[in-house]
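Residue numbers (my numbering): 8 to 1001.
I have placed the structure first, in the form of C-alpha cells, so that the comments after it can refer back to it.
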C-alpha cells in the first residue's frame, strides 16, 4: 500500500522535479493495480485510511471508472460492497469493521474530493436506480439530521445527478435520455415531495446560522424545479419563504440571490400559458422592483435583473400566444409594469446574460411592427429601448488611452466590444424600422448631448452616438436615403457640419468617416453638401488625421466616396489635388516611409482615388495630361533615385531593405493610380495618356534588369504589368518580350507561379494574338517546370507538408490552368512547334496521370477537357497523314481505357459527389468525341479490349455501342453510370491503371 501511495504521488507530481522515467514507471505501476480483481477493495481501504488527497482522488476516480466501464461484469458481492461503502462515506459514517479512530472520513476532505464522491454515487444511481437500489434517496434523507456536512454532500449528489444525467444543457445519448426519464419518473413517484420538504426545513432552520449552506440547498433546488411538480414549490409555504429571503436586507447577498434564482426557475417553468399567466400574476413580482435601485453593482442586483428579464420574457410569450383578448390585456399590463425596471437594470446592472435581454427586447419590438401609429406609451418604450442600446454600446472610459493607441489591451477591448455590440445593433435596426422618426430624433439628441457633455465622457458618448447613426443606416432603404429632406436629411447635415472636440480620438474619427461614407447616397442627390463631405475627408478629420490608422482608413473610404460621386467631383479636382499635395509628396521623398508604412499597400488608396478623379473623360484632355504628368514624373524620378541608392548600399555591404520598401510603395501608388484610366481612353481617345503609362512601364521594367533576384520588387513589377495589360491593351505588346524574358530568367517555383498567372491573363485577353510570344517562351517554361516538378506523386502523411512541397504543388496546379488556357484558346499548335515538341511526351504523361487519379476532382476535369480539345484540334487528317504521329493511338489505347474506363471503375470515384458527376460528364463527352473522330477504330479497342478486362457482359457492351452512336448525350451518360456501377458490383477490389 505504501508503494501504491508513493506511485500515485509521483504520477500526480507537477513540480518538474520527478524524472520522467520514474514518473512513467509510477504510472505503469498504478495502471497495473487498476487491473487487479481486488481494485474496489483496495480503493475503499485507502479511502478509509489515507489522508493524502491525491490518493483519495485517485481511488474515487478508479471506482468511478470501474463502475462506468466494468459494471456488467462485476459480481453481485462486489457491487454490493461498493454500494454500501460509497453510501456510508456519503452519509458521514465509518465503514463496517473500521473502528480505528485514526480512520479518515471523505466528507472532511476538500470540495473536489466530495464532488468526486458524489460523481461515484451518481454513477451507481445511473445503473441501479430504481430497479436494483430503489431506496437510495429515501435512505439518505434521515441522515440529513446529522447537520451541515451531510446536507452539503446531499446538495453535491443532486448537482452531480443533474450534471451527469438529467440536465439538457449537455448533449446526451439516447440511452442516457432513457435512463434520465426513468430516474426522474421514479423520483417523482417516490421521493421528490420528501426532498422538497427537506429543502424547506433546512432553509428555514439554517437561514441565519449557516446562510452559505442554505444557498447551496437553493442552488440545487433551482436545478430541479423545471421537472418536479410545481405545486410543491408554488404554495403558501415556499413562495413566501423565497420572497422573504430575497427582501430581508440583513441576509447575505449570496443567499438572497439564490432565492431569486429559484423564483426565476418557477417563472421559467414550462406549462399551459393560461396557468403560467395566473402564476405570474400571483407571484406579485413588483415587490422586488426596488431592490435593483439600492445597489446596482451588487451581485444581488444582477440576480434580480436576470429574474425581471425572465419574468418579462414569459409575459411577452403569454401576450403573443394566448387567444383571449382579456388574457392578452392582462399580460401587457403586467409587462408595462415591469418594463421600467427591465430598462433600468439593463442600463445600470451587470446582467448575467445580455443576450437574453436583447432577445426579449427584439421580441417586444416585433409586437409593434403591425401597429400604426404607435401609442404614446409604446413610443415611450421605444425611447427607453434606444437609451438602453446607447448605454450598453458605450466604451468604458478606463480604456480610452488603450483604444486610442491600440495597444494589446485596446485591441482586446475593441474586439470584445465589436462582438458585444452586434446584438444591440440588430435591436437598433429593428427599432429603426418600427419607429424611424423616433430613432432619428434620438440619434440627433444623442449627438447634441454628446457634443455638449463633459470631457471625461465626451469621447465615449460621441463615439456611441455616431455608432448608432452608422448602424441605423442598415435599416434605411435606398429610396429613403435619396430623399433630400426630412429628419434624416437634417441628421446628415448635422453630421457633416458638427465639429467634435474629441475628433482627434481614433475611435471617434473612424466611426465618423464610416458614417459619412454610409450616407453617401444621400449626398449624391444633394450637391450642396459636397463641399462638406470633401472637407471631412481632406482635413484633419480624415486623410490629415494625426493617427496613421485613421488617415489610412480615410484614404480607403475617400476612394469609395470618389467611386460613388464620380463626375460630380470634377469641379473640385483642382481643390482636391491641392489638398492632397503633401500626402502624395510622401511617396516621392527619400526615407519618408515610417516603419508602420514601410512595405504597406494601404497608402495607395489615395492614388486610386486620384486616378478615378482625373481618369474620367469629363476632365479636359490637356488638364488630364497635366494632372497625370505631375504625378507620374516625380514618382518615376524617385524610382530611379532609389535604384541608385540601393546599388550604392549593396556595394557598401549595407541592407537596402528600407529603399526596397520605398520602391514597393511607389509601384503600388502608380498601380493604384492607373486603375482610374480605361483602355479605351488611353489607347483610342487620348493616346497621350497611354504614352505616359508606357514610359512609366519602361522605367519599372528596368528594375527587373537591375535587381532580377529581389523577389518583393519582382512581385510588384509583375503586378504593374498585369495592370498595364488591362490598361494599355494590345499596345503593351512591344514591352512584353523584355518583361517576360526578365521574369523568367531567375524564377524559382513561387515566381514561376506568378509568371504563369501573367501569361494566362495575356492569353485570356488577347487569344491567338499572343501565339508568337507563346511559341517563343513555352519551351523555356516547359523545360524549367518539368525539371522542377517530381515525376512521382507528391508524398502524403506526417511531415510531407513542407514549404517546398506546398510551393511545388501550387506550381503544378497553376501549370494545369496554364495548359488548359492554352488548349481552350485555339493555341494548342504551340505544343507542336519545333522547339516545343520535345516536351510533348512529359506533358501527355502528366496530364494522363492527373486525369486518371488526382485527388482534386476539378483538376482532373480540367485535364480531361484539355484532352478533349487536343483531340478536336489534332485529329483531323489532311491527305491521309496524322497531324501528330502516334497521338491517335495514344488516345485510343492509353487515355480511353485508363481514364474513361479504369479510373471510373475505381471505388474512389464517388458518384454521390457533385464535382465528381461533372468530371464524369466530361469523361463521357470525351468518349463521344473519340467516336466522332476515330469511329469504329475507337469502338473496337475500347469495347473489345477494355470492356472484357472489366468483365463487362456482351449485351451491355452492345447497348453501350448503341448509346454511343446515338445523339442523346444525357442518355449515354446515364447508361454509362449504370454500367460502371453494375461492373463494380461484379468485381472484388479495384482495377489498376494499365
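Every residue gets a Cβ at the ideal spot worked out from N, C-alpha and C, and that includes glycine.
Work out the CA separation of residue 784 and residue 843 for me, nearest whole Å. 10 Å
Are the Cβ atoms of residue 198 and residue 210 separated by less than 7 Å? no
Let's see if you can read the secondary structure: which residues bound the alpha helix (DSSP H) around residue 256? Taken as a continuous stretch (DSSP letters only), residue 256 belongs to no alpha helix (DSSP H), as it is neither H nor E.
For residue 956, tell me which candidate among 905, 930 and 616 has the shortest Cα-Cα distance. 905
Can you give me the start and stop residues for the alpha helix (DSSP H) that residue 339 sits inside? 332–355
Mind checking whether residue 622 and residue 684 have CB atoms under 7 Å apart? yes
Which residue's Cα is closest to the Cα of residue 581: 537, 630 and 549? 630
Using only alpha-carbon positions, find the residue among 85, 911, 349 and 223 that is nearest to residue 49. 85
Span of the alpha helix (DSSP H) around residue 726: 718–735
In the DSSP assignment, find the unbroken alpha helix (DSSP H) run with residue 452 in it and report its ends. 443–459
Cβ of residue 975 within 7 Å of any chain B Cβ: The chain labelled as chain B is not found in the depicted structure, where only one protein chain is given.
Whole-angstrom distance between residue 474 and residue 559, CA atom to CA atom: 20 Å
Within the continuous alpha helix (DSSP H) that includes residue 944, where are the two ends? 943–948
Quick check on the DSSP output: the alpha helix (DSSP H) that includes residue 699 runs from which residue to which? 694–713
Selected residue, minimal CA-CA separation from residue 56, among 374, 435 and 111: 111
From the DSSP output, in three-state form, read off residue 287 for me. helix
Going by DSSP in three states, residue 100 sits in which element: helix, strand or coil? coil
Start and end of the alpha helix (DSSP H) containing residue 740? Segment: none, residue 740 is in no alpha helix (DSSP H) and carries neither H nor E.
Range covered by the alpha helix (DSSP H) that runs through residue 230: 218–231
Take residue 752 and list the residues in its own chain whose beta-carbon comes closer than 7 Å to its own, dropping the five residues that flank it on each side. 715
Taking the beta carbon of residue 166 as the centre, do at least 16 other beta carbons fall within 10 Å, making it buried, or is it exposed? buried
Do residue 682 and residue 748 count as a contact pair if the criterion is CB distance below 7 Å? no
Which same chain residues, not among the five before or five after residue 707, have their C-beta less than 6 Å away from its C-beta? 724 and 727
Can you tell me whether residue 306 is helix, strand or coil according to DSSP? helix
Decide if residue 970 is buried, meaning its Cβ has at least 16 other Cβ atoms within 10 Å, or exposed. buried
Would you kindly check if the distance between the Cβ of residue 338 and the Cβ of residue 325 is under 7 Å? yes
Simplified DSSP assignment, three categories, for residue 547: coil
With distances taken between CB atoms, is the gap from residue 719 to residue 672 smaller than 7 Å? no
Sort 638, 99 and 828 by Cα distance to residue 589 and report the nearest one. 638
Please report how far the alpha carbon of residue 47 lies from the alpha carbon of residue 36, in whole angstroms. 17 Å
Can you tell me the Cβ-Cβ gap for residue 356 and residue 312, rounded? I've got them flagged as a contact below 8 Å. 4 Å
Between residue 441 and residue 384, is the Cβ-Cβ spacing less than 7 Å? no
Is residue 625 closer than 7 Å to residue 577 when the C-beta atoms are compared? yes
I'd like to know if the region 831–838 and the region 802–816 are in contact, where contact means that at least 3 CB-CB pairs between them fall below 8 Å. no
For the alpha helix (DSSP H) that residue 203 lies in, which residues bound it at each end? 199–213
Would residue 565 pass as a contact of residue 544 if the rule is Cβ separation under 7 Å? yes
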